[in-house]
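Going by this note's numbering, the letters in the sequence shown line up with residues 136 to 559, in that order.
Using N, Cα and C, we set each Cβ at its ideal position, and we do this for glycine too.
Just so it is clear, the structure is predicted and the values come from calculations on it, not from any experiment.
Notes for the one structure printed next.
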Amino acid sequence: MASVRKYWRCTNSGCKNPETGKHRGYKKVHQGEKKCLCKHCEQPMALSENYVTRIVRGGQQFTKSVSPRKDDATAHLAACVVARKSGALFPGEEPLITWLDAAKTFEKWMDSAIKTKELSEATAKHYRNGLKPLGPYFKDMVLQDMEKRHVEDFKTDRREDVGASTVNMSLATLKRLFTINTDNVRAKDYPRLHEAMTDVFKVKLLELKNEGEIILETDEEVQALLDECKTPHLHHFAFGILNTGLRHQFMWSLKWPEINFDANEIVKMVKGGTVVRIPLTDQYRDYLKSWQKSQKVRSINGYVIPSRLDPATCYRQDSHVGFPQACERAAVKFEKVGKKHLAAKFRELTPHHLRHTFATHYLYKASKTLGATAAVHVLSKILGHSGVYITERYSHVLKEINQASMVEFGNQMFPGTVNGADSP
């Protein structure tokens, strides 16, 4: 299908599609029409100065405003028909940039920028970490087709699994990727690419709310969450993180061979290829043994929490959306009994906060027997982090531990209360 014609265009700049934000007031010119009103806003429409070509290729429609002369538009359309038959680009058509090509360009730029000292190794690592979750989400898209709404969907889905700062890292990486891929191309030659970049850059970063301090502080809060994890698989997921501190993706991918009941520990490779050894609590050890006996579906790949739909995969493939729903149910219950502060907390809760909960409570308890310094060292090994990272991330916890230690020291050193001393 191909045609050359003029169009009516709405003169109201506010006549836009509410979903895409793009102008929607266009209408074909029919023979004998002298004036026309927009069907969306009922404002007068103006006749386009140029003739517009329209051609369909692969189910997708391509339109181009060519020239006030009909002969020019007709010649352009004829060239498009020839290009369509040969599989070539249409005259003046913008080459599409696939996600894979864009990522490769970005990687090459990072390698070059590191050599020229334009980019530090640390920043490059930051970008590469931010790029990882973007690939699976946008792998089938081209940059020209990306819109703000696509990135907002990614932001919402990603927020279910990780903290706001991690989501922001990917958003910043995406914007940098667009910048690198548009640096050497003119807006005149790549209008759709520049339009897509402008739209994507409208996405705002998530507000950071001291995520490290969002934890389940009391037994009541922990039990409220577990009670709302209705399916056994989701219950195991939450209970497992609270007992091991594993990141959510590694809890889902935990396999039976990684659990050594004889040594009473979990040995698992986690982020960055680090191998962690996590001692089993008595509660989680009993939970695992009971779970193993009651499992009706055994994963052929050895997953502890296998998918109910496909035993070859882990449960996350068909149930990752269950956690926010469980948190919402708990929040509603807290609201009904007047505990609005807990309702607000549960609406912010993500699986990553369960890892914070484990780390915080572990530091409080382990420091009493090991001392704060040793507790930080052991926790860093369990979580797969450096001791410095733990010290920075949980500085508020260590401060409270040190203050409590000083109070205890004072009480032991000076058993009696000293109200004051006589002036000399």
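Asked, Found
"Neighbourhood of ASP453 by C-beta distance below 8 angstroms, restricted to the same chain and skipping five residues each side", "With a pLDDT of only 45 at ASP453, under 50, the local geometry of the prediction cannot be trusted, and the value read off the model is given with reservation. Only SER442, ARG443, LEU444 and ASP445 meet the Cβ criterion."
"From ARG284, ASP206 and TRP143, residue whose alpha carbon lies closest to that of GLN166", "TRP143"
"Sequence ranges, alpha helix (DSSP H) only - wholly within the region 246 to 329, length at least 4", "256 to 266, 269 to 273, 283 to 294 and 299 to 317"
"Simplified DSSP assignment, three categories, for ALA208", "helix"
"Residue range of the unbroken alpha helix (DSSP H) whose run includes THR448", "Element bounds for THR448: n/a, residue is neither H nor E."
"DSSP three-state assignment for TYR529, whether helix, strand or coil", "coil"
"Endpoints, the beta strand (DSSP E) within which TRP387 is located", "Not the beta strand (DSSP E): TRP387 falls in the alpha helix (DSSP H), residues 383 to 387."
"Closer than 8 angstroms: GLN547 CB and nearest the ligand MN heavy atom", "Ligands in the displayed structure: none, and consequently the ligand MN is not present."
"For GLU282 and ILE517, the rounded distance between their alpha carbons", "40 angstroms"
"Three-state secondary structure (DSSP) of ARG443", "coil"
"Pairwise C-alpha distance: ASN185 and GLU346", "Low per-residue confidence applies at GLU346: pLDDT is 49, beneath 50, and the placement is therefore not dependable enough to give any value."
"Element boundaries [beta strand (DSSP E), containing VAL511]", "Counting along the chain, VAL511 falls outside any beta strand (DSSP E), though it belongs to the alpha helix (DSSP H) covering 507 to 518."
"Rounded separation between THR485 and HIS371 - CA only", "15 angstroms"
"Unbroken beta strand (DSSP E) run spanning LYS390, endpoints", "Per DSSP, LYS390 belongs to no beta strand (DSSP E) and is neither H nor E."
"Element boundaries [beta strand (DSSP E), containing GLN202]", "Checking the displayed sequence, the identity of residue 202 turns out to be Ser instead of Gln. Element bounds for SER202: 195 to 202."
"Stretch pair the region 323 to 342 + the region 296 to 307: three plus CB contacts closer than 8 angstroms", "yes"
"LEU340 - DSSP class collapsed to helix/strand/coil", "coil"
"Beta bridge counterpart(s) of PRO179 as assigned by DSSP", "LEU172"
"Residue range of the alpha helix (DSSP H) that includes CYS150", "Per DSSP, CYS150 belongs to no alpha helix (DSSP H) and is neither H nor E."
"Cut-off 6 angstroms between Cβ atoms - residues of its own chain near PRO203, not counting five sequence neighbours on either side", "GLU184 and ASN185"
"Cut-off 8 angstroms between Cβ atoms - residues of its own chain near LYS475, not counting five sequence neighbours on either side", "PHE469"
"Residues near ASN399 in its chain [Cβ-Cβ closer than 7 angstroms; skip 5 each side]", "PRO414, LEU415 and ARG420"
"Own chain residues within Cβ distance below 8 angstroms of GLU393, not counting five before or after", "ILE401, VAL402 and LYS403"
"Span separating the alpha-carbon of LEU360 from that of GLU342", "24 angstroms"
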